[in-house]
Amino acid sequence: MKVYAGHVVPIRGLDDKFYDVSEVTIEDVHAWEEVFLKYIRGWLEDCVKRTFGSSPSKDPSCPRLLADVISTMMKAPLMMEPIPGYLLSPSMVYAFWVLTRMWSDVSKELWSGGVEKAIKVLDHARPILLGRGQDLMHYRKLLLRVLEKIPADTRPGLNTSKLYVHLLLTSALAYCMGKSRGLDERKLQVLRLAALLHDVGKPLDWRNHVAKSVEVAKRILERLCDEQALKDILELIENHHTPDNLKGELRVLGNILRDADGYASQADRLVELASDVIAEALKKHLSSKVSDVKAYVKSMLTGSGRDVWDFWLNLSGEALQEATKAAVEKIRASSTVDIPGAEVSGVLTLLLDIRGIQGYIDKSEDLAMLSTRSYMVDLVTIYAIPRVLYEHYSVPPECVVYAGGGRVLALAPASECRTLTPESIKREVTGSAVGKAVESLGISLSKAVFNTNYSVMSIELESRLALAKRTITPREEPWKYLGFEKLCDVCSSAVATREEGASKLCDECLHLLRLSDELNFKVKWGELQPFGKTPNETWGFDWKCARQGIIELIAGQELEKRGDKCVPIGEMLNIAILSFDGNLMGYFMARTPSFAIAVEKNIRIDVSLKEAFRKALEVVHDVVKEVESQLGNGNADLEANKWASRCALGLLYIGGDDCQLAAPSCLAIPIAVIMCEEFYSNMGGAASLSCGIASAKAKYNIWSLRLASKALLEDSKDDMRDLMYKQMKGMLKAEEGLEGSLSLVFVDGGVLGREPAMTLLGDARSRGLSLQPYKANVRLMDYRSIARMLLLLAGSQQTTSLTQAYSEIAKLAYIVFKLSRDKDLRFHPQLKDKWEVAKRCRDTVRRIYHAVNKVTGWTPNNASRLVSTLVASSALAKLLSSNEKKDESLRFLREVFVDIIGNEQSSAPLYDIFLIVKFLGGGAL
Numbered sequence: 009m010k011v012y013a014g015h016v017v018p019i020r021g022l023d024d025k026f027y028d029v030s031e032v033t034i035e036d037v038h039a040w041e042e043v044f045l046k047y048i049r050g051w052l053e054d055c056v057k058r059t060f061g062s063s064p065s066k067d068p069s070c071p072r073l074l075a076d077v078i079s080t081m082m083k084a085p086l087m088m089e090p091i092p093g094y095l096l097s098p099s100m101v102y103a104f105w106v107l108t109r110m111w112s113d114v115s116k117e118l119w120s121g122g123v124e125k126a127i128k129v130l131d132h133a134r135p136i137l138l139g140r141g142q143d144l145m146h147y148r149k150l151l152l153r154v155l156e157k158i159p160a161d162t163r164p165g166l167n168t169s170k171l172y173v174h175l176l177l178t179s180a181l182a183y184c185m186g187k188s189r190g191l192d193e194r195k196l197q198v199l200r201l202a203a204l205l206h207d208v209g210k211p212l213d214w215r216n217h218v219a220k221s222v223e224v225a226k227r228i229l230e231r232l233c234d235e236q237a238l239k240d241i242l243e244l245i246e247n248h249h250t251p252d253n254l255k256g257e258l259r260v261l262g263n264i265l266r267d268a269d270g271y272a273s274q275a276d277r278l279v280e281l282a283s284d285v286i287a288e289a290l291k292k293h294l295s296s297k298v299s300d301v302k303a304y305v306k307s308m309l310t311g312s313g314r315d316v317w318d319f320w321l322n323l324s325g326e327a328l329q330e331a332t333k334a335a336v337e338k339i340r341a342s343s344t345v346d347i348p349g350a351e352v353s354g355v356l357t358l359l360l361d362i363r364g365i366q367g368y369i370d371k372s373e374d375l376a377m378l379s380t381r382s383y384m385v386d387l388v389t390i391y392a393i394p395r396v397l398y399e400h401y402s403v404p405p406e407c408v409v410y411a412g413g414g415r416v417l418a419l420a421p422a423s424e425c426r427t428l429t430p431e432s433i434k435r436e437v438t439g440s441a442v443g444k445a446v447e448s449l450g451i452s453l454s455k456a457v458f459n460t461n462y463s464v465m466s467i468e469l470e471s472r473l474a475l476a477k478r479t480i481t482p483r484e485e486p487w488k489y490l491g492f493e494k495l496c497d498v499c500s501s502a503v504a505t506r507e508e509g510a511s512k513l514c515d516e517c518l519h520l521l522r523l524s525d526e527l528n529f530k531v532k533w534g535e536l537q538p539f540g541k542t543p544n545e546t547w548g549f550d551w552k553c554a555r556q557g558i559i560e561l562i563a564g565q566e567l568e569k570r571g572d573k574c575v576p577i578g579e580m581l582n583i584a585i586l587s588f589d590g591n592l593m594g595y596f597m598a599r600t601p602s603f604a605i606a607v608e609k610n611i612r613i614d615v616s617l618k619e620a621f622r623k624a625l626e627v628v629h630d631v632v633k634e635v636e637s638q639l640g641n642g643n644a645d646l647e648a649n650k651w652a653s654r655c656a657l658g659l660l661y662i663g664g665d666d667c668q669l670a671a672p673s674c675l676a677i678p679i680a681v682i683m684c685e686e687f688y689s690n691m692g693g694a695a696s697l698s699c700g701i702a703s704a705k706a707k708y709n710i711w712s713l714r715l716a717s718k719a720l721l722e723d724s725k726d727d728m729r730d731l732m733y734k735q736m737k738g739m740l741k742a743e744e745g746l747e748g749s750l751s752l753v754f755v756d757g758g759v760l761g762r763e764p765a766m767t768l769l770g771d772a773r774s775r776g777l778s779l780q781p782y783k784a785n786v787r788l789m790d791y792r793s794i795a796r797m798l799l800l801l802a803g804s805q806q807t808t809s810l811t812q813a814y815s816e817i818a819k820l821a822y823i824v825f826k827l828s829r830d831k832d833l834r835f836h837p838q839l840k841d842k843w844e845v846a847k848r849c850r851d852t853v854r855r856i857y858h859a860v861n862k863v864t865g866w867t868p869n870n871a872s873r874l875v876s877t878l879v880a881s882s883a884l885a886k887l888l889s890s891n892e893k894k895d896e897s898l899r900f901l902r903e904v905f906v907d908i909i910g911n912e913q914s915s916a917p918l919y920d921i922f923l924i925v926k927f928l929g930g931g932a933l
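Okay, structure coming up:
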């Protein structure tokens, strides 16, 4: 039996193409089995034994632990950091809390004293997570695979809903309905487990999935809980379509499970939207005896039983694929606002929004503190708020639909939310969950009754949230400032209340300062393993020694140990700050027709960005190893680990569609291109990123550089937004490609901030010397693709795959940097040509640039763009005519000019070409 999944957000195939329809393969089914029967079963065994001391356990709280572990480990690893070894990502902190909060020797000691103490739980939880040799990164890939590939229903249109989401949503609805109806704790947890596993066997036997689900659920749970609980769970699964077969209290639970399953299906299976186009696609495959094709096909989509199964089984794979593709295209282009939905009594939907994030993050100019503040925002969003919701308002893990980007969407029992307010959440978050380190953040909240029509519910939540934000009443505080208080030395906005060494700090900054080492670089230095080794092992000294030179180390310099400190050696290099953000993501999410697709979109966005960063690390590692091997370096592996570790250490934050990182300037453009292209590819071409890159010497103010990067990001987003609107209006072909965009500025000396960066770029544009922002396209490269310019410069424009293009771009960057820094390598026969072309290109552009300035003057005017183009073209033509040595840099410039002038007519991007080469040199050219 062939089964197909439909993808409203297209998936990426092994050939890097995008697909609306995919066949469920035997490997996909094996991935599903591995998730539940190897990983989740293993974690359940270990957690029961560690919590209760024996297995099976007759403890009445055992079913709750089992449900918590299953729902948590179905979700948390998906949101992990993209670098192996680092287990303090907020999603995993939440997982640690769920797994260990029943441990008598851990709970009171470590989970009630804020995040400082909670960090120590890692040592307790690590054996549970990794004790059987579990590979969390592999498990994460399995989860993503089953999320994308295993449908909840095999029928066209209905197969756009995924089984992974359906299990979680059914359990969330069943729990909330049961809690609001007053079920006791034992019944609630039995109901949760039955709901989580009610269709777990479906991919193993689609037609007889109920019996198979009973069998698989038994394999997952047997010998873990008491026999009566297991018997009740299996009976509920066996009769979740026919609860009337049950007796006594089980019938009550069975009715709730059936209703929850029905509501979850109604929320996800868009029959009303797709049935007509499915009927049209199947018309040629149906018997001529069918008089009303639309009515007949709709009955086959909504019915059940042998006749329905026989109908779909008799259709060819081609017919099923055609119908699925037609349904996907219809659903993707349609609105569900007008389709009737059903409100579910006793179930509320909560939307929580964290206020003041940007101001909170921008309070510190220190890189470590900036990273800590970004981490704390994620910790509040992904760990603290879900924890508070569970502890105080009965919102278990599967009820947290999505947490990230400063927002939490959750389902909750209406009976438990009468006292739920933003103030009550904030009080608990700043109390035992996290502590005073997030005191200045605010929380807004909106509530709505759960509606099976996701669009209607989403609009209501957003409207109420907007109203809540507009009606916030400022806190009335007693008069406490007399005018002579000392402000905090770190944030300069709150009154200093404590002394820490020579610094006077407010309470919030004091907590953050103490957390900074524990949460960020110290932990990363000892635990990150981009490619098997930690930075501690790679460089051979501990964090206490390395901390003074960490910025220079990330920029590409080496450190030398002198006493108990390390100092940077060699010439000062440039460091780059890269800021990424999604393009029109609000519009992308607003066009979401169902609950399941909303969950999938949120997860896909987060995972796609993290996988894009991981891919950039892999390319950097492999390219450095290849080049160092060509240079005869016997420690090529070590050097590759160093450069990958630099980029990994520089990751300031990543989550949702946002990312900011510090990186060596020489690798900044390749990393940006790879991440933009990979995100676009991982999202099946449905979403893209913009990027801003600012680079200055590592000794200067990083905070100012970050502001410059953010300003360049907004510049890039504005341009991308215009292009996307044109594409929506049909003024731009989809085939022209909007895979990402970037704006960049580089300075050799001085502080680079927001205003200087935009002034430099604005002046170059007004004079016709810049075409920024550039496209990050690798698939469809045109004259505005910075990847095409780099490949032309490398002499490698004939690439056959994305990976090869990434490799050529990164290799060019590393070679130019390496030979710029080491004169002895400039005669290497395999590498010298790339460095010489880049250097001559820089020199030639500088000569032409000065020639342009002599004619047009330094002040822009209305005619300067055209004059700049004419003068630059004439100067280049003159150089080409006298080019007896066949200079490759002139070939590159000629091709770029021909492309651009043929399309733009009045631009000569001398400034951009000069910047690109300077970036490749990393501050050494």
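Reading the sequence shown from the start, the letters are residues 9 to 933 in this note's numbering. The beta-carbon is built from N, C-alpha and C at its ideal position, and this holds for glycine as well.
Margin query: Rounded to whole angstroms, what is the Cα-Cα separation between Thr403 and Ile480?
Written below: Strictly speaking, residue 403 in this sequence is Val, with Thr absent from that position. Whole-angstrom Cα-Cα distance: 26 Å.
Check: If we cut at 8 Å on Cβ distances, does Tyr12 have a partner in chain C?
Finding: Among the protein chains of the structure shown there is no chain C, as only one such chain exists.
Margin query: Output needed for Thr389: all residues of its chain with C-beta closer than 8 Å, excluding positions within five of it in sequence on either side, in chain order.
Written below: Pro98, Ile362, Ala411, Gly412, Gly413, Gly414, Arg415, Val416
Check: When the distance is taken between beta carbons, is Lys725 closer than 8 Å to Asp589?
Finding: Their beta carbons are under 8 Å apart, which means Asp589 touches Lys725 by this criterion.
Next item on the list: On the DSSP bridge assignment, give the partners of Ile701 in chain order.
Entry: Its beta-bridge partners are Leu586, Leu752.
Margin query: According to DSSP, is Arg787 part of a helix, a strand, or is it coil?
Written below: coil
Check: Count the other CB atoms within 10 Å of the CB of Phe429; is the residue buried (16 or more) or exposed (fewer)?
Finding: The amino acid at residue 429 is misidentified as Phe; the sequence shows Thr. Exposed, since its Cβ has fewer than 16 Cβ neighbours within 10 Å.
Notebook entry, point to check: With burial defined as no fewer than 16 other Cβ atoms inside 10 Å of the residue's Cβ, what is the status of Val575: buried or exposed?
Noted result: exposed
Notebook entry, point to check: What is the DSSP secondary structure of Val250, counted as helix, strand or coil?
Noted result: For clarity, residue 250 is Thr in the given sequence; the question names Val instead. In this structure, Thr250 counts as coil in the three-state DSSP scheme.
Check: In three-state DSSP terms, what is His858?
Finding: helix
Note to self: So for Arg426, helix, strand or coil by DSSP?
What the structure shows: coil
Check: What whole-angstrom Cβ distance do Val753 and Leu720 have, given they're in contact under 8 Å?
Finding: 6 Å
Checklist line | Distance, Leu518 Cα to Ser500 Cα | finding: 13 Å
Check: Whose C-alpha, out of Ala671, Val16, Asp23, is nearest the C-alpha of Ser809?
Finding: Asp23
Next item on the list: Please find out if some non-hydrogen atom of the ligand ATP comes closer than 7 Å to the beta-carbon of Tyr791.
Entry: Although the ligand ATP was asked about, the structure shown includes no ligands whatsoever.
Notebook entry, point to check: From what residue to what residue does the alpha helix (DSSP H) around Lys456 run?
Noted result: Note that residue 456 corresponds to Ala in the displayed sequence, not to Lys. Note, Ala456: premise wrong, no alpha helix (DSSP H); beta strand (DSSP E) at 450-459.
Notebook entry, point to check: Which runs of the alpha helix (DSSP H) spanning at least 4 residues fall entirely within the region 809-833, listed in chain order?
Noted result: 810-829
Margin query: If I follow the unbroken beta strand (DSSP E) through Thr934, where does it start and stop?
Written below: Because the chain in this structure spans residues 9 to 933, residue 934 falls outside the shown range and cannot be described.
Check: The alpha helix (DSSP H) with Gln838 in it runs from where to where?
Finding: Counting along the chain, Gln838 falls outside any alpha helix (DSSP H), and DSSP gives it neither H nor E.
Next item on the list: Please say whether Ala75 and Tyr102 have beta carbons closer to each other than 8 Å?
Entry: Not a contact, by the Cβ cut-off of 8 Å.
Check: Are Ala932 and Arg829 closer than 8 Å when you measure CB to CB?
Finding: yes
Check: Is the beta carbon of Ala476 sitting closer than 8 Å to the one on Ser454?
Finding: yes
Notebook entry, point to check: Going straight from the alpha carbon of Glu535 to that of Gln274, what length do you get?
Noted result: 45 Å
Note to self: Can you look up Cys667 in the DSSP assignment and give me helix, strand or coil?
What the structure shows: strand
Note to self: When you compare the CB positions of Lys10 and Leu328, do they come within less than 8 Å of one another, or not?
What the structure shows: A contact, by the Cβ cut-off of 8 Å.
Next item on the list: Could you name each continuous alpha helix (DSSP H) segment of 4 residues or more that falls completely within the region 198-284, going from the start of the chain to the end?
Entry: 217-229, 235-246, 257-276
Margin query: Given this structure, state the Cα-to-Cα distance separating Tyr919 from Ala716, to the nearest angstrom.
Written below: 18 Å
Next item on the list: Using the Cα positions of Pro164 and Ala202, report the straight-line distance between them to the nearest angstrom.
Entry: 27 Å
Checklist line | Rounded C-alpha distance that separates Ile136 from Tyr47 | finding: Between Ile136 and Tyr47, the C-alpha separation is close to 11 Å.
Next item on the list: Report the residue from Glu619, Val408, Leu898, Arg714 whose alpha carbon sits nearest the alpha carbon of Leu760.
Entry: Arg714 is the residue among Glu619, Val408, Leu898, Arg714 whose C-alpha sits nearest the C-alpha of Leu760.
Margin query: Please give the ranges of any alpha helix (DSSP H) in the region 497-549, keeping only runs that are unbroken, at least 4 residues long and fully inside the region.
Written below: 515-527, 529-535, 543-547
Check: Just how far apart, CA to CA, sit Arg381 and Gly364?
Finding: 12 Å
Margin query: Let me confirm a value: Pro486 is counted as buried when at least 16 other C-beta atoms fall within 10 Å, else exposed. Which label applies?
Written below: In this predicted model, Pro486 has a pLDDT of only 48, less than 50, meaning its place in the structure is not dependable enough to derive any value.
Notebook entry, point to check: Taking all protein chains shown into account, do 16 or more other C-beta atoms lie within 10 angstroms of the C-beta of Ser62, making it buried, or fewer, making it exposed?
Noted result: exposed
Next item on the list: Closer than 6 Å by C-beta to Ser751: which residues in its own chain qualify, once you throw out the five before and the five after it? Chain order, please.
Entry: Gly700, Leu720, Asp723, Ser724, Gln780, Pro781
Next item on the list: Run the CB neighbour count on Ile627, radius 10 Å, all protein chains shown included, and call it buried at 16 or more, exposed below.
Entry: According to the sequence provided, residue 627 is Val. The question's Ile does not apply to it. When all chains shown are included, Val627 counts as buried.
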